[in-house]
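Numbering (this note's numbering), first residue to last: 355 to 463.
Below you can see the structure in the form of structure tokens.
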């Protein structure tokens, strides 16, 4: 069984704020795609459709989806929201990543 993805309290609040501005039934989809400077990159998209094999994470008013293909790459990861001098963004603390780029949006296994 794949360990779950954890969504931090800060990320939960920010996702809830984002989804409030979307039409009903909106969810945040987190996925992994090939590309970026380290080989793989994280994607964050608004989605209104849930697949049968999606990992569904419900926290407060936020629903997060992770597709089946991305689940092994994100197993045990913690998604946080950071607002600091370099900007505001979602950050993924991924125990599966062996390296990542300086901005934290791409990683290698």
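Glycine residues also receive a C-beta, built at the ideal position from the N, C-alpha and C atoms.
| Asked | Found |
| --- | --- |
| Output the distance between the C-alpha atoms of residue 303 and residue 412, rounded to the nearest integer angstrom. | Because the chain here runs from 355 to 463, residue 303 falls outside it and cannot be looked at. |
| For residue 440, which beta-bridge partners are listed by DSSP? | According to DSSP, residue 440 bridges with nothing at all. |
| Return helix, strand or coil for residue 416, following the three-state DSSP convention. | strand |
| Out of 364, 451 and 408, state which residue places its alpha-carbon closest to the alpha-carbon of residue 442. | 364 |
| Could you check the C-alpha separation between residue 397 and residue 384 for me, to the nearest Å? | 6 Å |
| Can you tell me which residues form a DSSP beta bridge with residue 409? | 420 |
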